[in-house]
Structures are given as C-alpha cells and as structure tokens.
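In UniProt numbering, the protein residues as written are 1 to 388.
Glycine included, C-beta positions come from ideal geometry on N, C-alpha and C.
Please read the structure below before turning to the comments.
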C-alpha cells in the first residue's frame, strides 16, 4: 500500500515539475489566494479583538447596560439608580458606574482632531483591570486630568513620550484643556483611534450635555462565595426592564455580534474570505486542467497497459495536495510579514495565530481538492484506443 502511494506521489511530482513555469505560476496563484484569505481573516480578527478590548479591561463579575445595547462606541444610557438598586441583592459586594463617550482630541502640535474613546470612572473605586491605572487613581481626583492610552495612534501627538520625559503634557479634549497625569495600554480600534480615562467629574465637564444620573455601564462585583448565574438571574427578575444584566463574556459577545452582523465592515471581511477562496479555486482549476489536458496521451497509455481510473484519480489528488503545500508555505510566510507591517502602521492587534494558520491550510487543501475533482471528467476522457 505504501509503495503504491509512493509511486503515485512520485508520478504526481514528476508531472508538476515537468512544466516548471506552470508550476511556478500555480504556486504564486495559490500563495496569492492564501495571502488574501489571511489578510481578510486577520483584519476580521483584529476588528473583533480591538472592538471588545474595552470590555476586557473592565473589572466586574456582572455588567448592567441598556436593553438596546449594541456597542460601547454608541452606548445608550441607563439610570444610575438601577446600579445602586443592585446593591440590595444578595451576593452583590460593590458597584461602579462607568461613563463612556467619543470625544474630539486636538493634537497639541498639529491641532488636528481625532476621535478618542473616553471612560469616566469614580476614582474611589477600581473599575479597571489595569494595575497602572489602579495604582494612580488619586491622580484623577484633580479636575481636568486624564490618563492617556500609550497605544493610541501617532496622530494624537507624542503624548506618551513627552509624559515619560516628565514634561507637562496638556491638550484639548472636546475644547477643554486637560492634563495627562498617567498612562495605560489598551490600543486603537475601528471605533476610536485612542482612549483616555477621566474621573466622573472631569467626564461630565468634557461632555456637558450628559446628566450625572445617566450612566452608560454599571459594573457589579460579587462576594467571593456568590453564584454568578444565580445573582444574574435574581437581578434580571428584580430590576426594572430598562436595564439588563450581562456576564463579561456576554457583554463582549454582544459587541462582537454588532460588528459582525450589523456593520458593513464585518460583512465585507467575511465576503472577502469567500471571494479569495473562489479566486484560489479558479486559479488551481486552470493549472490542473491544463496539466491534465497536456498529459491525456500519457493517461491513455497508462489505461492501455492496465492502470485503473482509481489509480489516475489518486495521482490527480496527490498532485493537488502537493500544490496546496507548495503554495501555502510562501503564502503563509508573506502573510506574517504583511501582518507585521499592518500592525505597525495601524496600531491594531493584527497577528498570526496557530488556529488561523491551520484554518488557512485546510482551506487551501479544500480549494485544491475542489479544483482536482472538477478536472476528473477531463482525465476520464482519456481513451486507450487513442494510443493505437
């Protein structure tokens, strides 16, 4: 069995390398399709990773939001009273209100404005899973002071480097002068190019149209022995229906669902993967079909001396597998390089994962198998009678 498999593999390899130019074109074509697929998957993963980053830094066991919540970048209000009502339920240890809004940051050097996501928090509570924020919360108690995200896009200005040089860093946020008194790391997203954290008092000055009693997110921390699901069930049943209770995972999934199913950008990335896959099938089909057409006399000869159609099909399948491997390797390597370039240029979390590499390889194999199956009819047309 192994000897037969080796013979078919050797024959498939010899057929491929007979036309070296055609083989090179096939490898480039498959690599190009793989690069397109990796690019679409990478940007889609970056979309979900960056858009759910704000949820992942919030320190809570349960989250209270508006029933119509879709995204933190356009979050609707809930009453602050609902959050404090949650304190009366068994298992709840503490609560923290969070204000959120998209502000306009003016670069202090160029005066260009950029969209920035601003968090407003009570500096007496620890609402974030960020040690560098929690250790310096007292700095936010001063009015018109903020913490700035060092992973924001460079268009905001050299804020982090100036701060690290112990310089006084001031800028305009929503036409209000603010001073940077600390740094943290979150990263840009498709919804905002940077992030800032302020006290609830400073936030309300920056967003003068907001009301103190209307918050955007309520963070709920539970006692160590509390059952998260049971407390969530009790809160959902006991609180008015103008607020809903989510777990942190459900909170992030709601954000991901919004970007994947509601926004055009999520649809475009998904469609891009499908189109790239189809392009790969067409390219491989043309290569394999041309190869089969050129070798029809040889196939007819093999049939005439006793080789079965099953044997020839095995040769064709192994030829497709070889093309998949040969095309995937350069495509994968180039994709890693493009990820690095894109991540550096956009400051977005674009990186290759083992799972994505395996997925793209399997798609490449399927792509080549579909092309091989599509050309089998041409191979079956080889007639031993044509030899004589």
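Hey, would you say residue i sits closer than 9 angstroms to residue j, going by beta carbons?
i	j	result
residue 130	residue 185	yes
residue 375	residue 331	no
residue 69	residue 244	yes
residue 117	residue 199	no
residue 77	residue 216	yes
residue 47	residue 265	yes
residue 61	residue 252	no
residue 15	residue 291	yes
residue 33	residue 354	no
residue 105	residue 12	no
residue 327	residue 57	no
residue 246	residue 75	no
residue 44	residue 269	yes
residue 242	residue 50	no
Counting only the same chain and skipping the five closest in sequence on each side, list residues whose C-beta sits under 7 angstroms from that of residue i.
i	result
residue 53	186, 187 and 189
residue 371	281, 284, 285, 288 and 320
residue 93	221, 222 and 223
residue 388	Because the pLDDT of residue 388 is 48, which lies under 50, any placement of that residue in the model is unreliable, and the number read from its coordinates should be weighed accordingly. Nothing listed; no residue qualifies.
residue 95	83, 84, 86, 87, 218, 219 and 220
Residue i: buried (16+ other C-beta within 10 angstroms of its C-beta) or exposed?
i	result
residue 229	exposed
residue 441	This structure does not reach residue 441, given that the chain is present from 1 up to 388, and the question cannot be answered.
residue 154	exposed
residue 267	exposed
residue 195	buried
residue 109	exposed
residue 84	exposed
residue 254	buried
residue 111	exposed
residue 350	buried
residue 2	Note that residue 2 has pLDDT 45, beneath the 50 cutoff, so the model's placement of it is unreliable and the number below is only indicative. Classification for residue 2: exposed.
For residue i, name the three-state secondary structure that DSSP assigns.
i	result
residue 145	strand
residue 134	helix
residue 181	strand
residue 91	coil
residue 240	coil
residue 234	helix
residue 97	strand
residue 191	coil
residue 197	strand
residue 12	helix
residue 50	helix
residue 75	coil
residue 20	helix
residue 103	strand
residue 218	strand
residue 320	helix
residue 284	helix
residue 171	strand
residue 370	helix
residue 127	coil
residue 268	helix
residue 121	strand
residue 1	Only weak support is given to the placement of residue 1: the predicted model assigns it a pLDDT of 49, under 50, and the question is left unresolved by the model.
To which residues of the same chain is residue i closer than 8 angstroms at the C-beta, ignoring the five residues directly before and after it?
i	result
residue 138	123
residue 359	41
residue 81	213
residue 133	147, 182, 184 and 197
residue 25	287
Apart from the five residues just before and just after residue i, which ones in its own chain have a Cβ nearer than 6 angstroms to its Cβ?
i	result
residue 352	336 and 339
residue 258	70 and 71
residue 120	99, 198, 200 and 203
residue 234	89
residue 169	159, 162, 163 and 180
residue 36	276
residue 272	40
With distance defined between alpha-carbon atoms, name the residue in the options nearest to residue i.
i	options	result
residue 97	10, 325, 204 and 149	204
residue 325	313, 357 and 208	357
residue 249	15, 59, 27 and 34	59
residue 101	73, 55 and 86	73
residue 10	317, 360 and 159	317
residue 127	221, 148 and 150	221
residue 329	30, 12, 369 and 86	30
residue 393	160, 233 and 115	No information on residue 393 is available, as it lies outside the stretch 1 to 388 that the chain covers here.
residue 333	367, 39 and 25	39
residue 345	95, 193, 312 and 105	193
residue 23	37, 64, 256 and 322	322
residue 219	232, 211, 207 and 209	232
residue 175	113, 241, 43 and 150	113
residue 156	347, 368, 366 and 166	347
residue 210	91, 64 and 103	103
residue 207	136, 368, 369 and 144	144
residue 152	191, 300 and 165	191
residue 240	263, 67, 256 and 91	67
At a Cβ threshold of 9 angstroms, is residue i touching chain C?
i	result
residue 158	Among the chains in the structure shown there is no chain C, since it carries only a single protein chain.
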